[in-house]
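Colleague: Here it is, the structure in full.
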Amino acid sequence: MSLFVSAIGQGLLWAVLGVGLFLTFRILDFADMTVEGTFPLGAATAVAAISNGMNPMLATLLAFAIGAIAGLITGLLYTKGHIPILLAGILVMTACYSVNLRIMGRANVSLLGKSTLFKNHFLASLPQYFDSVFLGTLVMVVITGLVIYFLQTQLGQGFIATGDNQTMARSLGINTDNMKIMGLMVSNGLIAFGGALVAQNNGYADVNMGIGIIVIALASIIIGEVAFGDLTLNQRLVAVTLGSILYRFVLLIVLKLGFSANDLNLLSSIILALCMMLPVFKKTLNFKHILKRGLDTND
Amino acid sequence: MTKPLLELKNVVLKVNRNTPEEIMILDHLNLTINAGDFITVLGSNGAGKSTLFNAIGGDLSIDSGQILLNGKDISHESVEKRTRFLARVFQDPKLGTAPRMNVAENLLLAERRGQRRTLAPRHLNKQLDRYKEITATMHNGLDERLTTATGNLSGGQRQALSFLMATLKRPEILLLDEHTAALDPQTSQDLMHLTNERVQEQQLTCLMITHHLEDALTYGNRLIVLHHGKVTFDVAGAKKKALTTEKLYSFFAEIE
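If you're matching them up, the sequences are chains A and B in order. Numbering-wise (my numbering), the first sequence opens with residue 9 and increments by one. Numbering-wise (my numbering), the second sequence opens with residue 617 and increments by one.
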């Protein structure tokens, strides 16, 4: 039971990554590698700030801002520097590694004995693991709500149109460069925010904690889509959080099967690859189904 | 009605600048477009028709010369800024609409062409009745599909929507780049009729690229021919009415 609650809590805390990545991967329609750098960047920022006596809430918001700056750099390299987005993301991600070491001073910094978002009277009074469930739910409701509101504004519609059809967006006077930069900033801000949350939940930040982040974030998006099928844009955003929780359940099962935590990146990649190939499988399966029906009805 | 709206003066536009493959696509082109002109643009492939549109739209920057709108130099204004007065319909139906957004959302986007987009709610539902009326004027079932993603529309419906979007907020200049070429003959004719109707009704100033000599003769009050980046032929009014396809063919044979 406690493992079950823990998985839900983890799923909720990590879901913010899925929503962040959704903005670039699904709406702007490109894969932004920066997130592998901004996740530990957010963690490092929050941990360093808290260690230096900053209020955990402010430290988490600071992580968002620093992540957004990293996104801004990727956006400028991509739109103004004409560097392909994949490479622009990898450049900033790589640079983040050094920046993170600078921020933390060493590869791993513990929050032992320091105040975090999870250490307040109310959350401490909850049963074990329910603190992350509560905080995660609160965060996801607010963030998903804000993103949904934004997408329904005039600006948000321009943002969607940019990812949908750039030529058309430009011909309607939408500054597509600015839209991409804005998307990358908010996306990476959210990912760094997620990094700050996870670091406080784990009690430490590690310079290597960004490895495989894009796969985990993608997994929540894709699993949500696969599990819930045809949805409106708003519903899809909610499905990301549910997908993130489902993903944690899958990991739980996999660990129960006897795999070790060291195998998680391999398994995550396999799970994601299978989910992404599902449309291909479905096509072949449907084809068989149709063939079968055609043969059966001989009247 | 004869006040110059848009003037292109000695416009030069090169591609592959500073390389051995440098080509001058627009070669000291001069063109004065008056308010209310409906100009059909003819020319062989590579004559510079699309480049002319891209120069007016700002997608391509010009090397020398001037583009004036109501006497004001707009040669270096960005694409986004020019959309305040300019609307375009592309040849490819896929280029004119956002495929994952529905018909109503596309119309809403188009209605704010060239305007600032803020964090104000979009208020789509309030517009639906009005959009239904507007799309019903297209007589192609678009009004029944307001909530359909445009990616699921037929090419004809998409292109009709693109045209509607371009004229929803009245542009000072409308650029139609072979906007009926990708459609089947009947749909193409329907959209051409509709285009003519709208342009007359709203007294739009319009440039239309076409490869259909009949369309070029039937529609508009003025006809120009582009050749090697220059306007080599420019007739209007009665002179244009007197033109025939035979005369145009022989003219083309002459310049080639």
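Where a beta carbon is used, it is the ideal one built from N, C-alpha and C, also for glycine. All of these numbers come straight from a predicted model, not from anything done at the bench.
Taking the straight line between their C-alpha atoms, what separation do you get for B/V628 and B/S680?
Modeller: Taking the straight line from one Cα to the other gives about 5 Å.
Colleague: Can you give me the Cβ contacts of A/C283 inside the same chain, cut-off strictly under 8 Å, excluding the 5 residues immediately before and after it?
Modeller: Same-chain partners within the cutoff: A227, I230, I231 and V234.
Colleague: Is there a Cβ from chain B that is less than 8 Å from the Cβ of A/S179?
Modeller: Chain B, which has a Cβ nearer than 8 Å to the Cβ of A/S179, makes this yes.
Colleague: Let me know the secondary structure DSSP gives B/T667 once reduced to three states.
Modeller: Note: B/T667 maps to helix in three-state DSSP.
Colleague: Taking Cβ-Cβ distances below 8 Å as the criterion, which residues of the stretch 158 to 184 of chain A are in contact with chain B?
Modeller: Listed by position along the chain: F158, Q160, T161, Q162, L163, G164, Q165, G166, I168, A169, D172, N173, T175, M176, A177, R178, S179, L180, G181, I182 and N183.
Colleague: Which residues in chain A sit within 9 Å of B/A736, going by Cβ to Cβ distance?
Modeller: Neighbours of B/A736 on chain A, chain order: T161, Q162 and L163.
Colleague: What is the rounded straight-line gap between the Cα of B/P801 and the Cα of B/H809?
Modeller: Computed Cα separation, rounded: 12 Å.
Colleague: Can you check which of these residues, B/L780, B/K863 and B/S691, is closest to B/P709 by C-alpha distance?
Modeller: Ranking the options by Cα distance to B/P709, first place goes to B/L780.
Colleague: A/L99 and A/L85 look like a contact to me (Cβ under 8 Å); what is the Cβ gap, rounded to whole Å?
Modeller: That belief holds up - the Cβ atoms of A/L99 and A/L85 are roughly 6 Å apart, short of 8 Å.
Colleague: On the DSSP letters alone, give me the boundaries of the beta strand (DSSP E) that B/M824 sits inside.
Modeller: Element bounds for B/M824: C822 to I825.
Colleague: Taking Cβ positions only, does B/V695 come closer than 8 Å to chain A?
Modeller: Interface residue, yes.
Colleague: Starting from the beta carbon of B/T821, find every residue of chain A whose beta carbon is closer than 7 Å, and list them in chain order.
Modeller: None at all; the shortest Cβ gap to chain A is about 17 Å.
Colleague: Under a three-way DSSP split, which group does B/I649 fall into?
Modeller: It is a strand residue.
Colleague: Where does B/L621 sit, in a helix, a strand or coil, going by DSSP?
Modeller: Here B/L621 sits in strand by DSSP.
Colleague: Within 8 Å, do at least three Cβ pairs link the stretch 710 to 726 of chain B to the stretch 767 to 783 of chain B?
Modeller: Yes: the two stretches touch, three or more of their Cβ pairs being nearer than 8 Å.
Colleague: Given a cut-off of 8 Å on the beta-carbon distance, is the pair B/M717 and A/I224 in contact?
Modeller: No, the pair does not count as a contact, with Cβ atoms beyond the cut-off.
Colleague: Inspect the beta-carbon positions of B/L842 and B/V851 and report whether they are closer than 8 Å.
Modeller: Going by C-beta atoms, B/L842 is not nearer than 8 Å to B/V851.
Colleague: Helix, strand or coil: how does DSSP classify A/A213 here?
Modeller: Strand.
Colleague: Are the stretch 204 to 219 of chain A and the stretch 76 to 91 of chain A in contact at 8 Å, needing three or more beta carbon pairs?
Modeller: Taking 8 Å as the limit for Cβ pairs, the verdict is that the stretch 76 to 91 of chain A does not touch the stretch 204 to 219 of chain A.
Colleague: Hey, how far is the Cα of B/E872 from the Cα of B/L799?
Modeller: Distance between the alpha carbons of B/E872 and B/L799: 29 Å.
Colleague: Who are the near neighbours of B/Q731 in its chain, counting only those whose CB is closer than 7 Å to its CB and skipping five residues on each side?
Modeller: No residues qualify anywhere along the chain.
Colleague: Would you mind telling me which residues of chain A sit closer than 8 Å to B/Q731, beta carbon to beta carbon, in chain order?
Modeller: Per Cβ cutoff of 8 Å: G181.
Colleague: Got a sec, what are the start and stop residues for the beta strand (DSSP E) B/H918 sits in?
Modeller: Because chain B spans 617 through 872 in this model, residue 918 of chain B falls outside it and cannot be assessed.
Colleague: Quick one: residues in its chain with C-beta nearer than 6 Å to the C-beta of A/S118, no 5 flanking neighbours on either side, listed in chain order?
Modeller: Hits under 6 Å: Y212.
Colleague: According to the neighbour-count rule (16 or more other Cβ atoms, all chains shown, within 10 Å of its Cβ), is A/Q243 buried or exposed?
Modeller: A/Q243 is exposed by the Cβ-count criterion.
Colleague: Is the CB of B/P715 under 8 Å away from at least one CB in chain A?
Modeller: Closer than 8 Å: yes.
Colleague: Measuring alpha carbon to alpha carbon, tell me which residue in A/L11, A/L31, A/Y137 and A/P287 is nearest A/L241.
Modeller: Ranking A/L11, A/L31, A/Y137 and A/P287 by Cα distance to A/L241 puts A/L31 first.
Colleague: Could you tell me the alpha carbon to alpha carbon distance between B/S770 and A/D172, rounded to whole angstroms?
Modeller: Spanning the two alpha carbons is a distance of roughly 18 Å.
Colleague: What are the residues that DSSP puts in a beta bridge with A/T161?
Modeller: The partner list for A/T161 (beta bridge, DSSP) reads B/P737.
Colleague: Considering only C-alpha positions, which residue in the set A/I253, A/V262 and A/P287 is nearest to A/S140?
Modeller: A/S140 has its Cα closest to that of A/I253, out of A/I253, A/V262 and A/P287.
Colleague: Counting C-beta neighbours from all protein chains within 10 Å, is the total for B/R746 16 or more, i.e. buried, or is it exposed?
Modeller: With fewer than 16 other Cβ atoms within 10 Å, it is exposed.
Colleague: At a cut of 8 Å, does the stretch 781 to 789 of chain B reach the stretch 752 to 765 of chain B through at least three beta carbon pairs?
Modeller: The answer is no - the stretch 752 to 765 of chain B does not touch the stretch 781 to 789 of chain B, with fewer than three Cβ pairs under 8 Å.
Colleague: To the nearest angstrom, how far is the alpha carbon of A/N273 from that of A/L163?
Modeller: Rounded to whole angstroms, A/N273 to A/L163 spans 37 Å at the Cα level.
Colleague: Where A/F47 and A/G97 are concerned, what is the direct C-alpha to C-alpha distance, given to the nearest angstrom?
Modeller: If you take the alpha carbons of A/F47 and A/G97, they lie about 13 Å apart.
Colleague: If you pair each beta-carbon of the stretch 108 to 115 of chain A with each one of the stretch 52 to 69 of chain A, do three or more pairs fall below 8 Å?
Modeller: Result yes; three or more Cβ-Cβ pairs closer than 8 Å.
Colleague: Please compile the residues from chain A whose C-beta is within a distance smaller than 7 Å of the C-beta of B/R728.
Modeller: Within 7 Å Cβ-Cβ: Q162.
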